[in-house]
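Student: Positions -8 to 326 (my numbering) are the ones given, in order, by the sequence shown.
Even for Gly, the Cβ is constructed at its ideal location relative to N, Cα and C.
Treat the numbers as computed from the prediction; the structure is a model and nothing was measured.
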Amino acid sequence: MNPLKFIFFAIILLAYIPLRAQLDTCLTGDGEYCVPSLKGVPVGKGFSIEYQRIPNIAITTSDKTGQFEDTKNTIKSITSIEARLKIPVIHRPYLTILTGLKYTIEEYHFENSISNPLYQNLEDKGLKSVGANLTIIKPSKSKHFWILNASADFNGDFDNKTSILNKYLKFSISPALGWKVNDHFSYAFGISYNYRFGKPLLLPVVAFNKNFNERWGVEAVLPVYIRSRYKYNDGLFWLNTIEIDGASYRLNQFTAPLSEYTDLYLHRSNVQLTSKLEKRIVGWLWIATEVGLRENLVLNLSNSNQIRKNVIFDTTMKPAALFNISLFLSPPKIP
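1. Counting C-beta neighbours from all protein chains within 10 Å, is the total for Q344 16 or more, i.e. buried, or is it exposed?
2. How long is the line joining the alpha carbons of H135 and L193, rounded to whole angstroms?
3. How big is the Cα-Cα spacing for F199 and Q297?
4. What does the alpha-carbon distance come out to for the pair V172 and Y178?
5. For a test of the three-state rule: what should DSSP assign to Q111, helix, strand or coil?
6. If the criterion is Cβ atoms closer than 8 Å, does the pair N261 and E286 meet it?
7. For S104, which of helix, strand or coil comes out of DSSP?
8. Assuming A141 contacts S120 (C-beta within less than 8 Å), just tell me the rounded distance between them.
9. Ends of the beta strand (DSSP E) at S266?
10. Out of I316, I217 and T307, which has the shortest C-alpha to C-alpha gap to T62?
11. Mapping the DSSP letters down to three states, classify N157 as helix, strand or coil.
12. Under three-state DSSP, which class holds S165?
13. To the nearest angstrom, report how far apart N294 and A238 are at their CA atoms.
14. By Cβ distance, which residues of its chain are closer than 6 Å to M(-8), with the 5 residues on each side in sequence left out?
15. Can you give the Cα-Cα distance for L242 and I50, rounded to whole angstroms?
16. Does the beta-carbon of V273 have 16 or more other beta-carbons within 10 angstroms, so that it is buried, or is it exposed?
17. If we call anything under 8 Å between Cβ atoms a contact, is G181 one with P27?
18. Can you list, in chain order, the residues of its chain whose CB lies under 7 Å from that of G91, leaving out five sequence neighbours each side?
19. Classify E286 as helix, strand or coil using the three-state DSSP reduction.
20. To the nearest angstrom, how far is the alpha carbon of Y99 from that of L318?
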């Protein structure tokens, strides 16, 4: 299905759509609206800023054009900074609408950047992602709820002089229907159009959220991620996650000889295993620290928005450790 048609029909069918609300219980059977979220889940983030570093990654790059050479190198580090802001627009028992803004910049630093034109052009180049997202939660007067999560992002090496921003636009959309079984278990079924596998894909999605007891729980949106959680107290959470992470970047400022290509994209997809601690510092202010391992699935440069079409360089990377630290504000839940 054409992605634009998919978005159009998904929005028209808004009454049939899901995501997690920031409330506490599901009231059914007495005319009250269902509230999707569970008791005891980690706090929501109103504003967050995080820094991530992945050091010392062995990389092998294969030339698929016959114009260049195969090379081996070491990425001294991949660093990224991300800032997010969530803004409540409507908060009613029958409807919740949240909007959000995101800014991310990712940089590659090579041990020997001159050995390959891809490395030369990526060295210290800021690959940016700037976007907005929308979450709509529509509860019913029974045990089910509908959610729509949509986002639009500009991904690539654009700057304030770039005049073709539409070529950098990426979007994702995830509608779903959920059921709140009780205060400790919910599940949902839906579909998702996103770039987490490094290319646009339309996938079926199964989500669930389960508290086993007052401390342990698990949540998942399959095939995107699965996460266990441990609640030590209201101010300390331990989260362990397996997640697919990916992006597709439009590149329009590469130098020769890659400047001869007119439709360059860098496609990236990884699987990450991470462990995170979230700790309240004071009031609304929290800190989180995360360590983990990242395995590369895809990293290639192509002269196409399609991940396997007109590939110029196909790159593989060895597994590498990652480190992340973030600060975030968590306002109290709206009653």
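Tutor: The answer reads as follows:
1. Outside the displayed span of the chain (-8 to 326) sits residue 344, for which this structure offers no information.
2. 24 Å
3. 31 Å
4. 8 Å
5. helix
6. yes
7. helix
8. Not confirmed; about 16 Å, so no contact.
9. L255 to V273
10. T307
11. helix
12. strand
13. 16 Å
14. Residue placement at M(-8) is flagged as unreliable, the pLDDT there being 43, under the threshold of 50; the coordinate-derived value follows with that caveat. Nothing listed; no residue qualifies.
15. 20 Å
16. exposed
17. no
18. R75, L76, K77, I78, A123 and N124
19. strand
20. 23 Å
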